[in-house]
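Asks:
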Amino acid sequence: MRADVVIIGSGISGAVLAERYSKAGKKVLILEKRDHIGGNCYDYIDENGILVSKYGAHLFHTDMKEVWEYVNRFSDWYPWEHKVLAKVDDQLVPIPVNINTVNKLFGLTISTEEEMIEWLEKNRLPIKDPKNGKEAVLDKVGPVLYEKMFRHYTKKQWDKYPEELNASVLNRIPVRTNTDDRYFSDRFQALPKHGYTKIFEKMLDHPNITVKLNTDYFDVMDKLIGYTKLFYTGPIDRFFEFKHSLEDKLEYRSINFVSETVDSEFFQSNSVVNYPGREVDFTRIVEYKHFGKQKSEKTTIVKEYTTDEGDPYYPVLNEKNLAIYQKYQEEAAKVKDVYFVGRLANYKYFNMDQAFKNALDLFHSLEGDSDANLEEKL
Ligand code: FAD
Ligand code: NA
7 MRADVVIIGS GISGAVLAER YSKAGKKVLI LEKRDHIGGN CYDYIDENGI
57 LVSKYGAHLF HTDMKEVWEY VNRFSDWYPW EHKVLAKVDD QLVPIPVNIN
107 TVNKLFGLTI STEEEMIEWL EKNRLPIKDP KNGKEAVLDK VGPVLYEKMF
157 RHYTKKQWDK YPEELNASVL NRIPVRTNTD DRYFSDRFQA LPKHGYTKIF
207 EKMLDHPNIT VKLNTDYFDV MDKLIGYTKL FYTGPIDRFF EFKHSLEDKL
257 EYRSINFVSE TVDSEFFQSN SVVNYPGREV DFTRIVEYKH FGKQKSEKTT
307 IVKEYTTDEG DPYYPVLNEK NLAIYQKYQE EAAKVKDVYF VGRLANYKYF
357 NMDQAFKNAL DLFHSLEGDS DANLEEKL
């Protein structure tokens, strides 16, 4: 298998690098161990005729104009401001917490920002420099909302209570003192008209790119020849044969997606309903037909159970894991001509826009080529 550039993984990170290098005239070989391209953004039309995401709902949102322009080269997008409801005490309430959330949960009639700030001041438990996730939440919303909306949800999501996680995992949760019920507040919020997979098909549709599916890099690494750069977007610990994980494994959380057909037009009133309580084991139910207002006779719902087994999705950010990661990172810095890119290789949670941005920046830093120059060469 001969190529100028070898890329391990066909998610956002791998696809951006392949797209850029192919247009710069390099022969690119992508190895992908799954049977499809797109990484965790992969979507497809299911048996009910509904566009569903195999690895959980993917909402695109960004404040980065250059990323927004880049993704628009590969698809038309329709505006989609994501909203999430949570089922708490048998009611559906908006999250992030806003005026309507507390009004519904506590039977209040707060109507102004001042009243909401006052409510928060009365209920929150101010903690200077929160040491862990629990303190971060208590500092923001206080013990009652902590118990109803955060404590068990965090346990389900991470298999750890908030006090066992870094403050950073939870101190970014927004609390709104108005009635803004959008989940994100970025400038650009949209979904691709024909799904994400089509974007990847278009990015990789170039005579210089060869994609080998069902191919694990570690099974074929000895057969690769001629390349000058290798980009690795898989888990960093796997690359180094888990050598720093003999006693303590680098932890990831995975999700078990359980899909069901429901024989009615709709199952729930919103695309995503979170279940922060103890009464069920899943964290949320996604009903895909809401996205883009799809039409179908029946509906598909997917329950998400967070687990330890399965594909790695979320790094578990605590001191122990970060210390293990650091050892791998030092190792990675020493490997010549191999670049560790993306979510799993950096042991970080990246939203899609950040993954696009990182890969574009890496290309520019290595090739010193502005996007404009690249297009001129075509
Ligand atoms: P990945 O998509 O993980 O791609 C890595 C690829 O490498 C995979 O296809 C894998 O099979 C392949 N690979 C790994 N090891 C090997 C090997 N040894 N040989 C060959 N191939 C290999 N972001 C948002 O902006 N909005 C959202 O709503 C959102 N929702 C998400 C929901 C979930 C459940 C998850 C997990 C992520 C979500 N994200 C979301 C984040 C988004 O999925 C990532 O930003 C994006 O997928 C990162 O792309 P990547 O290329 O770094 O990694
Ligand atoms: Na998501």
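Plus 6 on top of the position in the sequence shown (first one is 1) and you've got our numbering.
Beta carbons: idealized from backbone N, C-alpha and C, even for Gly.
Measuring from the CB of Leu323, is there a heavy atom of the ligand FAD at a distance below 7 Å?
Replies: The residue you call residue 323 lines up with position 317 of the sequence shown. Answer for Leu323: no, Cβ out of range of the ligand FAD.
Asks: Do the CB positions of Asp254 and Lys326 come within less than 8 Å of each other?
Replies: Against the sequence shown, residue 254 aligns to sequence position 248. Against the sequence shown, residue 326 aligns to sequence position 320. Yes. Within cutoff.
Asks: With a threshold of 7 Å (Cβ to nearest heavy atom), would Thr183 be considered close to the ligand FAD?
Replies: By 1-based counting over the sequence shown, the position of residue 183 is 177. Thr183: no, Cβ never under 7 Å from the ligand FAD.
Asks: Report the CB separation of Ser277 from Phe297 in whole angstroms; it is logged as a contact under 8 Å.
Replies: Residue numbering aside, residue 277 sits at position 271 when the sequence shown is read from its first letter. Residue numbering aside, residue 297 sits at position 291 when the sequence shown is read from its first letter. Right, their Cβ atoms sit about 6 Å apart.
Asks: Can you say whether Ile330 is buried or exposed, counting buried as having 16 or more other CB atoms within 10 angstroms of its CB?
Replies: As a working note, residue 330 is residue 324 in the sequence shown. Ile330 comes out buried.
Asks: So the alpha helix (DSSP H) Leu385 belongs to, where does it begin and stop?
Replies: Past the edges of the chain, shown from 7 to 384, lies residue 385, and the structure says nothing about it.
Asks: Spatial neighbours of Lys110 within its chain, please: CB distance less than 7 Å, with the 5 preceding and 5 following residues excluded, ordered by chain position.
Replies: Taking the first residue of the sequence shown as 1, we reach residue 110 at position 104. Result list for Lys110: Gln97, Val99, in chain order.
Asks: What are the boundary residues of the alpha helix (DSSP H) that includes Leu105?
Replies: Here residue 105 corresponds to residue number 99 of the sequence shown, with the count starting at 1. The sequence as given places Ile at residue 105; Leu does not occur at that position. Per DSSP, Ile105 belongs to the alpha helix (DSSP H) from 105-112.
Asks: Whose C-beta lies closer than 7 Å to the C-beta of Tyr273 among residues of the same chain, with five residues either side of it excluded?
Replies: Residue mapping note: residue 273 aligns to position 267 of the sequence shown, counting from 1. Rather than Tyr, the amino acid found at residue 273 in this sequence is Phe. The answer, listed in chain order, is Glu293, Thr305, Ile307.
Asks: Cα-Cα, which of Ala92, Gly374, Ala361, Arg284 is closest to Glu72?
Replies: Working through the sequence shown from its first residue, we reach residue 72 at position 66. Comparing Cα-Cα distances from Glu72 to each of Ala92, Gly374, Ala361, Arg284, the minimum goes to Ala361.
Asks: Thr289 to Thr234, Cα distance in whole Å?
Replies: Walking along the sequence shown from the start, residue 289 turns up at place 283. Walking along the sequence shown from the start, residue 234 turns up at place 228. Going from the Cα of Thr289 to the Cα of Thr234 covers about 44 Å.
Asks: Sorted by chain position, which residues of the same chain lie with C-beta nearer than 6 Å to Tyr345's C-beta, five sequence neighbours on each side aside?
Replies: Here residue 345 refers to the residue found at position 339 when the sequence shown is read from its first residue. Within the same chain, Tyr345 has close Cβ partners Phe237.
Asks: Per the DSSP calculation, Pro198 is bridged to which residue(s)?
Replies: Here residue 198 refers to the residue found at position 192 when the sequence shown is read from its first residue. Its beta-bridge partners are Trp83.
Asks: Just to confirm, does His370 get its C-beta within under 7 Å of one of the non-hydrogen atoms of the ligand FAD?
Replies: To locate residue 370, count along the sequence shown from 1; it is residue 364. Outside the cutoff, so no.
Asks: Hey, how far is the Cα of Tyr334 from the Cα of Thr312?
Replies: The residue you call residue 334 lines up with position 328 of the sequence shown. The residue you call residue 312 lines up with position 306 of the sequence shown. Rounded to the nearest angstrom, the two C-alpha atoms are 26 Å apart.
Asks: At 3 residues or longer, what runs of the beta strand (DSSP E) sit wholly inside the region 48-93?
Replies: Complete beta strand (DSSP E) runs here, min 3: 49-51, 57-59, 66-68, 83-85.
Asks: Would you mind listing the alpha helix (DSSP H) stretches within the region 209-241 that are 4+ residues and don't spill past its ends, in chain order?
Replies: Fully enclosed alpha helix (DSSP H) runs of 4 or longer: 223-226.
Asks: Can at least three beta-carbon pairs, one atom from the region 188-195 and one from the region 51-68, be found at a separation below 8 Å?
Replies: Output reads yes: the region 51-68 touches the region 188-195.
Asks: Can you list, in chain order, the residues of its chain with a C-beta nearer than 6 Å to that of Glu141? Leave out the 5 residues immediately preceding and following it.
Replies: Along the sequence shown, one-based indexing puts residue 141 at 135. Only Ile133 meet the Cβ criterion.
Asks: How is the beta strand (DSSP E) around Glu310 delimited, first residue to last?
Replies: Counting from 1 along the sequence shown, the entry for residue 310 is found at position 304. First-last of the beta strand (DSSP E) with Glu310: 305-313.
Asks: For Leu384 and Lys208, I'd like the C-alpha separation in whole angstroms.
Replies: Taking the first residue of the sequence shown as position 1, residue 384 is located at position 378. Taking the first residue of the sequence shown as position 1, residue 208 is located at position 202. Low confidence applies here, because Leu384 scores a pLDDT of 47, under 50, leaving its location unreliable and the question unanswered by this model.
Asks: Taking DSSP's pairing of strands, which residues face Pro100 in a bridge?
Replies: In the sequence shown, residue 100 corresponds to position 94, counting from 1. Answer by DSSP bridge pairing, in chain order: Leu91.
Asks: How about Asp4 and Asp165: do their beta carbons lie closer than 8 Å?
Replies: No statement about residue 4 is possible, as the shown extent of the chain runs from 7 to 384 and does not include it.
Asks: Hey, which unbroken runs of the beta strand (DSSP E) at 3 residues or more fall wholly within the region 117-185?
Replies: Listed in chain order, there is nothing to give.
Asks: Excluding sequence positions up to five away, which residues of its chain have a Cβ less than 8 Å from the Cβ of Arg130?
Replies: Counting from one through the sequence shown, the residue named residue 130 turns up at place 124. For Arg130, where only same-chain residues beyond five positions count, the Cβ hits under 8 Å are Leu144, Asp145, Lys146, Val147, Gly148.
Asks: Report yes or no: do the region 26-40 and the region 169-177 share at least 3 C-beta pairs separated by less than 8 Å?
Replies: In short, these stretches do not touch, since the Cβ pair count stays below three.
Asks: To which residues of the same chain is Ile105 closer than 6 Å at the C-beta, ignoring the five residues directly before and after it?
Replies: Residue numbering aside, residue 105 sits at position 99 when the sequence shown is read from its first letter. Within the same chain, Ile105 has close Cβ partners Ile116, Met122, Thr185.
Asks: Compute every distance between the C-beta of Leu65 and the non-hydrogen atoms of the ligand FAD, then say whether any falls below 7 Å.
Replies: Counting from one through the sequence shown, the residue named residue 65 turns up at place 59. True, at least one ligand heavy atom lies under 7 Å from that Cβ.
Asks: When you measure from the CB of Ser451 to every non-hydrogen atom of the ligand FAD, does any distance come out below 7 Å?
Replies: Given that the chain is displayed from residue 7 to residue 384, the structure contains no residue 451 and the question cannot be resolved.
Asks: Spatial neighbours of Phe224 within its chain, please: CB distance less than 8 Å, with the 5 preceding and 5 following residues excluded, ordered by chain position.
Replies: In the sequence shown, counting from the first residue as 1, residue 224 sits at position 218. Same-chain partners within the cutoff: Arg244.
Asks: What residue does the alpha helix (DSSP H) around Ile330 start on, and which one ends it?
Replies: Here residue 330 corresponds to residue number 324 of the sequence shown, with the count starting at 1. Here the alpha helix (DSSP H) through Ile330 covers 325-340.
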